[in-house]
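Okay, so here's the structure we're looking at.
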Amino acid sequence: MAHIEWDDFQRVELRVGTVLSAEPNPKAQKPAYVLQVDLGEFGVKTSSAQLTGHYRSAELVGRQVLCVCNFAPKRIAGIRSEVLVTGVYDAEQKVVLASFDKPLPNGARLA
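For the sequence shown, the numbering used here begins at 1 and goes up steadily by one.
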């Protein structure tokens, strides 16, 4: 595993957001949701996320997620994805969301 410097990590904007909506993306090659994520003072951002393996859309609404906020927007399956919602692949290659055990303010930065 390659090491990075603290300054490299500091450049990544990892922030807490709350999912406002999660709708299936019919244009996605692999099943995915189009998420609207409230990042507080940073606004509501759109993300395309392949979360259908473990999560129904209704389960995602109101859930707090950890987002990478400073990637350049990318067009994914017909939508402009502005943030990357983070998670980890399980043994079946399904995404398990990174999550928090206590409520946090939207836009809070990972320390």
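For every residue, glycine included, the Cβ atom is placed at its ideal position computed from N, Cα and C.
Strand pairing of residue i, partner residues [DSSP]
i: T18; result: D38, Q64
i: R75; result: R80
i: R11; result: In the DSSP output, where bridge partners are listed per residue, R11 has none listed.
Proximal residues to residue i (C-beta, below 7 Å), its chain only, five neighbours per side dropped
i: I79; result: N25, V34, T46, S48
i: I76; result: S48
Whole-Å CB distance - residue i paired with residue j, under 8 Å assumed
i: E95; j: Q29; result: It is Val, not Glu, that sits at residue 95 in the sequence shown. Going by Cβ atoms, the distance from V95 to Q29 rounds to 16 Å, so no, they are not a contact pair.
i: F42; j: G107; result: 5 Å
Own chain partners of residue i with C-beta closer than 8 Å, once the 5 adjacent residues on each side are dropped
i: S113; result: Nothing in the structure corresponds to residue 113, since the chain is present only between 1 and 111.
i: R11; result: N70
Whether residue i touches residue j by CB criterion (8 Å)
i: L14; j: V68; result: yes
i: L60; j: A91; result: no
Beta-carbon contacts of residue i that lie in its chain and below 6 Å, excluding the five residues immediately before and after
i: L110; result: L14
Run through the region 36-63 for me and flag every whole alpha helix (DSSP H) of 4 or more residues, listed as ranges in chain order. DSSP runs (the alpha helix (DSSP H)) wholly in the region 36-63: 57-60.
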